[in-house]
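Report on the following structure.
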Amino acid sequence: MTAQIFQPIAPRPAPIRTEGLVAWIRFNLFGDWMTALMTVVIGGALLYLIPQLLSWAIFRASWLPNFDACRVDGVGACWGVVTEKYRIILFGRYPYEEQWRPLLATLLMLGLLVASCTRAFWHAWLAMLWIVVLTLVFTLMYGNVLGLSKMETDRWGGLPLTILLSSLSMVMAFPIALAVALGRRSNLPAIRTFCAIYVELIRGVPLISVLFMASFMFPLFMPQGFTIDVLIRVLAGITLFAAAYMAEVIRGGLQAIPKGQIEAAATLGLSYWQTQGKIVLPQALAMVVPSIMNSFISTFKDTSLVTIVSLYELTGALSLALNSDSNWRPFKIEGYLFIAMIYFVFCFSMSRYSIWVEKQVNQGKQR
Numbered sequence: 000m001t002a003q004i005f006q007p008i009a010p011r012p013a014p015i016r017t018e019g020l021v022a023w024i025r026f027n028l029f030g031d032w033m034t035a036l037m038t039v040v041i042g043g044a045l046l047y048l049i050p051q052l053l054s055w056a057i058f059r060a061s062w063l064p065n066f067d068a069c070r071v072d073g074v075g076a077c078w079g080v081v082t083e084k085y086r087i088i089l090f091g092r093y094p095y096e097e098q099w100r101p102l103l104a105t106l107l108m109l110g111l112l113v114a115s116c117t118r119a120f121w122h123a124w125l126a127m128l129w130i131v132v133l134t135l136v137f138t139l140m141y142g143n144v145l146g147l148s149k150m151e152t153d154r155w156g157g158l159p160l161t162i163l164l165s166s167l168s169m170v171m172a173f174p175i176a177l178a179v180a181l182g183r184r185s186n187l188p189a190i191r192t193f194c195a196i197y198v199e200l201i202r203g204v205p206l207i208s209v210l211f212m213a214s215f216m217f218p219l220f221m222p223q224g225f226t227i228d229v230l231i232r233v234l235a236g237i238t239l240f241a242a243a244y245m246a247e248v249i250r251g252g253l254q255a256i257p258k259g260q261i262e263a264a265a266t267l268g269l270s271y272w273q274t275q276g277k278i279v280l281p282q283a284l285a286m287v288v289p290s291i292m293n294s295f296i297s298t299f300k301d302t303s304l305v306t307i308v309s310l311y312e313l314t315g316a317l318s319l320a321l322n323s324d325s326n327w328r329p330f331k332i333e334g335y336l337f338i339a340m341i342y343f344v345f346c347f348s349m350s351r352y353s354i355w356v357e358k359q360v361n362q363g364k365q366r
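Mapping of the sequence shown onto numbering that gives the first Met the number 0: position 157 corresponds to residue 156, and the numbering continues sequentially without gaps.
Okay, here's the thing in structure tokens:
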């Protein structure tokens, strides 16, 4: 009988980590030779461009509100145009001594939006909070009460106007879009046809045409002496335009629900509205959260088009500031970069919030 000699098994290599920064870099930046090549090329370009961009934007930049200092050789970005004109950019043609009113109104609107996006405030009284805050905002902006001087809507502008138009149009467009999406799937031909005509008609023209019709053509059909404020007409145009696109997004989610679920609800004796409210809509809306947020972001940026009807939001307010002072016109790039930063902050915040909402509504599907 031969003696058995113990032979240890050769050690195996440690498993490759699939989590952490190193694993992410290995998988996303150096996953194969083509990805690694593009990483090296793009990384080299960034290493070459970023120092120059930082030098122009920060280290050699001029921050003083002096246009002569910006014309000195070797000076980079002239942020003095923002330092000098920021009040016009942010508040438009609102009188200088009264700009505390749009500032306070903007803070109220931002606080309301943040509260609406926080789970702790998701109660029935949130609707009442909207009514109270909007009443205060319009009171501050328009005035003519409580000793506040009257400010017509054509004096409103800048960031307050952008936030007001975008937030109100989003809030009002959602229920319209929901009703139109359900109408397009209705069994009643009249409702289905009406909703289809509305969607195709609105989507067949650009927003700038809708704003032009709302501002210049719509008053021609009104009785003599009867007028509707241009801000209300523009808000209605943006709302209807956003609702048409959002309706198609929601309809896509409705069509993704298996028909068997609807039939099962019918066998349980649920009515049409009970089926939609308890079974279909919760699942459909959860599926299209990214697309709905994409519509919100698009609406927020589309408010820049209201300049054509003489409402000076952020981009229009910048043009107003530069046209009134020719000394700062050569430095409009810095002004537009400042506005782009504001848009980016809001749009990026909405994007991150969309990701959070998507995770919350899909928790039941996560393993």
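Where is the CB? At the ideal position from N, CA and C, for every residue including glycine.
Cβ pair count under 8 Å reaching 3, the region 213 to 220 against the region 149 to 161: Too few Cβ pairs lie closer than 8 Å, so no.
Within-7 Å CB hit, Asp72 to chain B: In the structure shown, chain B does not exist; there is a single protein chain.
Option nearest Trp55 by Cα separation, candidates Val74, Phe66 and Pro64: Per the Cα distances, Val74.
Own chain, CB closer than 8 Å to Leu135, minus 5 neighbours either side, in chain order: Ala104 and Leu107, listed in sequence order.
Start-to-end residues for the alpha helix (DSSP H) that takes in Asp67: Start and end: Phe66 to Cys69.
Those runs of the alpha helix (DSSP H) which lie wholly inside the region 87 to 158 and span at least 4 residues: If we require 4 residues or more, the alpha helix (DSSP H) runs fully inside the region 87 to 158 come out as 99 to 115 and 124 to 141.
Bridge partners - Ser61, DSSP secondary structure assignment: Residue pairing by DSSP places Ser61 opposite Cys77 in a beta bridge.
The region 312 to 327 / the region 152 to 171 touching (three or more Cβ pairs under 8 Å): The way I'd put it, the region 312 to 327 does touch the region 152 to 171; three or more beta-carbon pairs between them come closer than 8 Å.
Contacting residues, own chain, Cβ-Cβ under 8 Å from Val81 (five flanking each side not counted): Scanning its chain for C-beta atoms nearer than 8 Å, with the 5 sequence neighbours on each side dropped, one finds around Val81 the residues Ile88, Glu333, Gly334 and Phe337, in chain order.
Cβ-heavy atom distance, Ala178 to the ligand ATP, below 6 Å: Of the ligands one can find in the structure shown there are none, so the ligand ATP has no counterpart to examine.
Three-state secondary structure assigned by DSSP to Glu312: Of the three classes helix, strand and coil, the one that applies to Glu312 here is strand, per DSSP.
Burial state of Gln275, where buried means 16 or more other Cβ atoms lie within 10 Å: Looking at its Cβ environment, which holds 16 or more other Cβ atoms inside 10 Å, Gln275 is buried.
Endpoints, the alpha helix (DSSP H) within which Gly334 is located: Note, Gly334: alpha helix (DSSP H), Lys331 to Val360.
Distance, Val40 Cα to Leu20 Cα: The C-alpha of Leu20 lies about 21 Å from the C-alpha of Val40.
Cβ shell of Glu83 (< 6 Å), same chain only, five flanking positions each side left out: Here the set comprises Pro64.
Under 7 Å between C-beta atoms of Ser208 and Val308: Not in contact: Ser208 and Val308 (Cβ atoms no closer than 7 Å).
Inter-residue spacing [alpha-carbon to alpha-carbon] between Arg154 and Ala255: Cα to Cα, Arg154 sits roughly 46 Å from Ala255.
Neighbourhood of Ala241 by C-beta, 6 Å cutoff - its chain only, sequence neighbours within 5 removed: Excluding residues within five positions, the ones whose Cβ falls inside 6 Å are Ser168, Ala172 and Thr298.
For Glu262, three-class secondary structure by DSSP: For Glu262, the three-state secondary structure derived from DSSP is helix.
Separation of Leu280 from Gly182, as counted between CA atoms: Just so you know, the alpha carbons of Gly182 and Leu280 end up roughly 13 Å apart.
Local conformation of Ser214 per DSSP, three classes: Shown here, Ser214 sits in a helix according to DSSP, grouped into three states.
Proximity below 7 Å, CB of Met286 to CB of Gly252: Going by C-beta atoms, Met286 is nearer than 7 Å to Gly252.
Within 7 Å, strictly: CB atoms of Arg328 and Leu321: When the beta-carbon positions are compared, Arg328 and Leu321 come within less than 7 Å of each other.
Alpha helix (DSSP H) runs contained entirely in the region 12 to 54, provided each spans 4 or more residues: Whole alpha helix (DSSP H) segments, 4+ residues: 20 to 28 and 32 to 53.
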